[in-house]
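>
Residue numbers (UniProt numbering): 1 to 299.
What follows is the structure, given as structure tokens:
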């Protein structure tokens, strides 16, 4: 029996009972393809990166308890125990590589959750909200961040990023890279540009530099406002999530809102007798025309 026939036979009969077995089968297939293209090929150059280390790690049993820093105010603690990982929006290729360690093999549900938890606990913390058990932002790669949110009401942030990427890519907004959900934690992956924030450097700028920033921001906002509302789309979330009002508590529109008058009625529902004067006062500030720009004051 020829060598290539032996390889094909082995690949076809070995059952992928473990991640290590599937990894080896995938590697054999790649080597076989390389031999078919060039029988004299150097096979060591075709082996996956760090093959020996990776196969040793894969042969070890999956550890359910991960080594992690002791921090009760960390949303990542809710990633345990292992649960179902739901793909709300498909992951970009660069995010998949972070999870699969650059291998192109399929993972079981258990292995996927383990890979996700391992990735999250290796991330650098970029930001904590006032309630870090509900919202945090992490740096998961050189140009990738992940926003972890506990029990979000909807995904308007992600769908808005998708809409901007498709309809107004000139707006400098993060690019959506996928969304996963597990154990009531939603993980929103997006692009990251490692730069200083405006708040960090504002006091160091002179008036000319501040004016330049003002002009740039104004142009960005003008560009953003140039996005027109499609005839079939209602106001609010671009995926039909409706409008929100969070003055006292989060209130959502129950019916479609298609114009400014309907939006004002949603913001100011029929007032009580005592609130009638106040509601009338607020309605006087309603814009009668749309502004093409919003000047940004620099002080």
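All residues carry an ideal CB built from backbone N, CA and C; glycine is no exception.
Only a predicted model underlies this, so the values are computations on that prediction, with no experimental measurement involved.
By DSSP, does residue 237 sit in helix, in strand, or in coil?
strand
> Determine the direct distance from the alpha carbon of residue 222 to that of residue 136, and round the result to whole angstroms.
Straight-line Cα distance between these residues: approximately 30 angstroms.
> Using a threshold of 9 angstroms, state whether the C-beta atoms of residue 78 and residue 185 are closer than that.
At a Cβ-Cβ threshold of 9 angstroms, residue 78 and residue 185 count as neighbours.
> According to DSSP, is residue 187 part of a helix, a strand, or is it coil?
It is a strand residue.
> So the candidates are 48, 93, 268; which of them puts its Cα closest to the Cα of residue 247?
Ranked by Cα distance from residue 247, the options 48, 93, 268 are led by 268.
> Could you spell out the range, first to last residue, of the beta strand (DSSP E) harbouring residue 140?
Start and end: 135-141.
> In chain order, what residues of the same chain have a beta carbon less than 7 angstroms from the beta carbon of residue 125, not counting five sequence neighbours either side?
136, 138
> Between residue 75 and residue 150, which are expected to be in contact by the criterion C-beta below 8 angstroms, what is the C-beta distance as a whole number of angstroms?
Between residue 75 and residue 150 the beta-carbon gap is near 6 angstroms, inside 8 angstroms, which marks them as a contact.
> Just mark residue 140 as buried or exposed, buried being the case when its beta carbon has 16 or more other beta carbons within 10 Å.
buried
> Which residue comes first and which comes last in the beta strand (DSSP E) that contains residue 28?
For residue 28, there is no enclosing beta strand (DSSP E); the enclosing alpha helix (DSSP H) covers residues 19-37.
> Using DSSP with H/G/I as helix, E/B as strand and the rest coil, what is residue 220?
helix
> Could you name the residues of the same chain whose beta carbon sits closer than 8 angstroms to that of residue 112, not counting the 5 residues immediately before and after it, in chain order?
85, 99
> Hey, residue 58 and residue 29 are a contact pair by Cβ (cut 8 angstroms); roughly how many whole angstroms apart?
Contact doesn't hold; Cβ gap of about 17 angstroms is too wide.
> Report the residue from 42, 229, 266, 26 whose alpha carbon sits nearest the alpha carbon of residue 164.
229
> Given a cut-off of 9 angstroms on the beta-carbon distance, is the pair residue 220 and residue 190 in contact?
Taking 9 angstroms as the Cβ cut-off, residue 220 and residue 190 do not qualify as a contacting pair.
> Quick one, are the C-beta atoms of residue 92 and residue 178 less than 9 angstroms apart?
yes
> Comparing alpha-carbon positions, which option in 167, 82, 209, 257 lies nearest residue 225?
167
> Cα separation between residue 237 and residue 52?
49 angstroms
> Tell me, to the nearest whole angstrom, how far the beta carbon of residue 174 is from that of residue 161; I am working on the premise that it is less than 8 angstroms.
Rounded to the nearest angstrom, the Cβ distance from residue 174 to residue 161 is 6 angstroms, consistent with a contact under 8 angstroms.
> According to DSSP, is residue 229 helix, strand or coil?
coil
> Measuring CA to CA, which of 244, 263, 215, 32 is closest to residue 154?
Ranking 244, 263, 215, 32 by Cα distance to residue 154 puts 244 first.
> Under three-state DSSP, which class holds residue 148?
strand
> In its own chain, which residues sit with a C-beta less than 6 angstroms from the C-beta of residue 83, not counting the 5 before and 5 after it?
Closer than 6 angstroms at the Cβ level, and outside the excluded window around residue 83, lie 182, 183.
> Am I right that residue 158 and residue 176 are in contact with their C-beta atoms under 8 angstroms? What's the rounded C-beta distance?
6 angstroms
> Any chance the CB of residue 23 is under 8 angstroms from a heavy atom of the ligand ADP?
What this structure holds is no ligand at all, so the ligand ADP is not there to describe.
> Apart from the five residues just before and just after residue 31, which ones in its own chain have a Cβ nearer than 7 angstroms to its Cβ?
Within the same chain, 43, 46 come within 7 angstroms of residue 31 by CB-CB distance, once the 5 residues on both sides are set aside.
> Going straight from the alpha carbon of residue 130 to that of residue 146, what length do you get?
18 angstroms
> Where residue 205 and residue 128 are concerned, what is the direct C-alpha to C-alpha distance, given to the nearest angstrom?
27 angstroms
> Who are the near neighbours of residue 283 in its chain, counting only those whose CB is closer than 8 angstroms to its CB and skipping five residues on each side?
Within the same chain, residue 283 has close Cβ partners 264, 268.
> Tell me whether residue 259 is buried or exposed, calling it buried when 16 or more other Cβ atoms sit within 10 Å of its Cβ.
Residue 259 counts as exposed, since fewer than 16 other C-beta atoms from the protein chains shown sit within 10 angstroms of its C-beta.
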